[in-house]
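Reading through the structure tokens given below for one structure.
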Amino acid sequence: MGALSEKIMTEKKISLPLFDPALLKPALLDSVRKLALREQLKNPVMFVVYLGSVLCSVLWVMALQGQGDAPAWLTGSIAVWLWFTVLFANFAEALAEGRSKAQAASLKGLKKATIAKKLAAPHRYGAGFTLVDASDLRKGDVVLVQHGELIPCDGEVIEGIASVDESAITGESAPVIRESGGDFSSVTGGTRVLSDWIVVCATVNPGETFIDRMIAMVEGAKRRKTPNEVALTILLLALTLVFLLVTVTLLPFSVYSVNSAGSGTVISLPVLLALLVCLIPTTIGGLLSAIGVAGMSRLMAANVIATSGRAVEAAGDVDVLLLDKTGTITFGNRQASAFIAAAGHTPVQLAEAAWLASLADDTPEGKSIVVLAQRLTRSPAVLHEGEQSGHNTLHALQQGLTPAGVSFVPFTAQSRMSGINLGSRQIRKGAADAIRRHIQQQGGSFSTVLQQQVDDIASRGSTPLVVAEGAEVLGVVELKDVVKPGIKERFAQLRQMGIKTVMVTGDNRLTAAAIAAEAGVDDFLAEATPENKLALIRDYQKRGQLVAMTGDGTNDAPALAQADVAVAMNSGTQAAREAANMVDLDSSPTKLIQVVEIGKQMLMTRGALTTFSLANDVAKYFAIIPAAFASTYPQLALLNVMGLTSPASALLSAVIFNALIIVVLIPLALKGVRYRALGAEALLRRNLLVYGLGGLLLPFAGIKLIDMLLAVLGLV
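Under my numbering, read the sequence shown as residues 1 to 716, first letter to last.
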């Protein structure tokens, strides 16, 4: 892959072509290395093929010396194609692993030698520091990171605030703010401070950093089998043992039949070996490991790191999806959408007052009020016309200045309102109950009509902000958290797959119900606390359901640890990342839906290729049996419905097809079958129709074509 530049872990970097030249040569070499006995023992089905290849090679050597029970050319040809079958299966696995190795190499590019400024007590900016190698830092050590420097370790910001470039981790060029306290204090080693300074306390020891864990996750992908994969391996092993027993018993039957009839030829060992390899599920056995590794690779292409294949597969089996409202279902930033004036006032008067009260409000909501007010009235007549001082004040406010006689009232958690004092005028905006208390203290009243307007806004899932001047209410500003376009259709697809969606929000039940209805989720949890989330997950799990959720804060850690599939945001806290079994490097809350789709796709791919492989075996059975036993039972020649050239040609054609089909299916195993939002019953019907019928018909066409080619070339 070479050295990394600014962005690694992006779609462009990870989505390598299936047969990228940079991966082909190492994969071919690994295919040969995997012929080692220890490697072959990991796959029981292919181990049987491996033993058959060894035995057939020995029989070929014996045939060359005139001791074989089959022609040397036939035995040698069968041996060659059996070895090709093993090598092709090794190649599929090596190619999938090669993609993961490339991803790991990209991650290793982040591990650079870094000098750290280790602080002495009292660990504050300005205190003396000692230059040390970053690899010498231990958990609890405190370092200073200044403008332009790399952060030497994973840690938590304990002092300062800085803009940090995390593109090396996320691939996103936009810097993020990291500051002490709250949910945005976590920093990752290898990222760069772009401005200001921060004091960081190391939270891990060397070798335990986030990058180290990601590398271990990627490199360990090939060594971990999922429960479903283990179950499928056991099934394939059972089928292999059944066919092995059947094949072994065919030899004495053949000997008995020839001796009893006094005619015919006993079936040869090379033919029995070819029959065994063609009948056992070699297709899925050769591709099973590649499917699992490729599933994790596709997850990596989505910029998500999974701790193991188990997590990916669990995503495919998810029954319940817990999604945050803010940033996942909605855009997150509430925007002013309407000015609803109180009786006796006009929308323009309300807009002018709201504009003034929001001039010093740097929140997205405050800025949206200013923008909406300016659309409604291009030149707010908030001051007495004709007064030069008033116009000067207006001009200063429009320039972002604070003239004499003007003071802004900042928002506080206690008052729950903000505003402006403009001479004798006191304009406030805030929550309905806060404004009610404010005007009542000044002798005003809150009408029932206004309360109804507030309730109507809340029932629509919006947030009401009441604006008042002095003791008089001017009206209500509606702030709307917009549901993302297309999200309702995505939830409908998940519902078709049998997945229940649950929206989790801190909003009150009225607002939550409105957003849930608009988004099309199946259920919601309002006024959610960490205890509520944990209890909800446990409740679903008690019913035997698998639960997936996403989170980024320390308060999400308990629920993430409890969930079967837990996706933590890379921008979140250390506690959240450690509790999860997946980390989203892009920090996109909607990624959870994509994770579930990738898990489903992996299961669909495995199911489709298993169906194809088993149907394939049935077809090869009818192609090989008549040819293999024609010498013992001449009557079986009547079953040669394919009109194959000769028994030897039929046998060799089947063995060649059995090897080549693995190569043909490698792209499907690596890319996965096309994802479709189908239920289990519909998916089974589709697999039986497409891959079952296809697996049944394709061998007949393929074996016939190879037989004709062998005949034309004069090889049989």
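The C-beta atom is built at its ideal place from N, Cα and C for all residues, glycine as well. Remember, it's a predicted structure, so these values are computed and weren't measured experimentally.
Residue ranges of each beta strand (DSSP E) within the region 322–372, 3 or longer: 335–341
Span of the alpha helix (DSSP H), counted from its first residue to its last, around Asp522: Segment: none, Asp522 is in no alpha helix (DSSP H) and carries neither H nor E.
Exposed unless 16 or more other CB atoms sit within 10 angstroms - verdict on Pro699: buried
Residue from Ala575, Leu651, Glu527 and Val271 with nearest C-alpha to Asp324: Glu527
Leu709 classed as buried or exposed, judged by whether at least 16 other C-beta atoms fall within 10 angstroms: A residue is called buried when at least 16 other Cβ atoms come within 10 angstroms of its Cβ; Leu709 does not meet this threshold and is exposed.
Own chain, CB closer than 8 Å to Ile177, minus 5 neighbours either side, in chain order: Ile161, Ala162, Ser163, Val164 and Phe184
Alpha carbon of Glu578 to alpha carbon of Ile305, nearest angstrom: 12 Å
Cα-Cα separation between Val467 and Val476, rounded to whole angstroms: 6 Å
Straight-line gap, Val187 to Ile662 (C-alpha atoms, nearest Å): 45 Å
Coarse secondary structure for Asp481, derived from DSSP in three states: The DSSP-derived three-state label of Asp481 is coil.
Residue ranges of each alpha helix (DSSP H) within the region 49–124, 4 or longer: 72–108
Residue of Leu269, Pro71 and Glu365 minimising C-alpha distance to Lys480: Glu365
At least three beta-carbon pairs within less than 8 Å, the region 530–541 to the region 351–368: no
Cut-off 7 Å between Cβ atoms - residues of its own chain near Phe88, not counting five sequence neighbours on either side: Gly286, Ala659, Ile662 and Val663
Integer Cβ distance of Gln601 from Tyr675, believed to fall under 8 Å: 5 Å
For Gln545, the three-state DSSP class (helix, strand or coil): coil
6 Å CB neighbourhood of Pro252 in its chain, flanking five on each side removed: none
Assigned secondary structure, Gly649 (DSSP; H/G/I helix, E/B strand, else coil): Reading off the sequence shown, one finds Ser at residue 649, where the question assumed Gly. Helix.
Three CB pairs or more closer than 8 Å across the region 437–456 and the region 494–501: no
Burial state of Arg490 (16 or more Cβ within 10 Å): buried
Coil, strand or helix - Leu673 by DSSP: A small correction: the amino acid at residue 673 is Val; Leu does not occupy that position in the sequence shown. Val673: coil per DSSP, three-state reduction.
Validate contact between the region 624–633 and the region 513–528 using beta carbons, cut 8 Å, 3 pairs: no
Closest by C-alpha distance to Gly551, when choosing among Gln574, Arg543 and Lys542: Measuring from the Cα of Gly551, the nearest candidate turns out to be Gln574.
Rounded distance between the beta-carbons of Val482 and Thr330, thought under 8 Å: 6 Å
For Phe411, three-class secondary structure by DSSP: coil
Residue range of the unbroken alpha helix (DSSP H) whose run includes Leu709: Leu693 to Val712
Every unbroken beta strand (DSSP E) within the region 129–203, with a cutoff of 3 residues, ordered by chain: Listed in chain order, they are 129–133, 142–146, 155–165, 176–179 and 192–202.
Cutoff 8 Å; reference Ile267; Cβ partners in own chain excluding five residues on either side: Hits under 8 Å: Leu250, Leu251, Ser254, Ala628, Phe629, Ser631 and Thr632.
Other residues of its chain near Glu387: CB distance less than 8 Å, five sequence neighbours each side excluded: Note on Glu387: pLDDT 44, under 50, position unreliable in the model; the coordinate value appears next. Answer for Glu387: no residue qualifies.
Given 8 Å, three or more beta-carbon pairs between the region 40–57 and the region 265–282: Verdict: yes, contact present.
Ser337 to Glu478 span [Cα, whole Å]: Between the alpha carbons of Ser337 and Glu478 lies a gap of roughly 6 Å.
Through-space distance from Ala96 to Gly295, alpha-carbon basis: 9 Å
Backbone secondary structure at Thr511 - three-state DSSP: helix
Start and end residues, alpha helix (DSSP H) containing Val596: Val596 -> alpha helix (DSSP H) spans Lys591 to Ala628.
CA-to-CA distance, Gly316 to Ala615, given in whole angstroms: 24 Å
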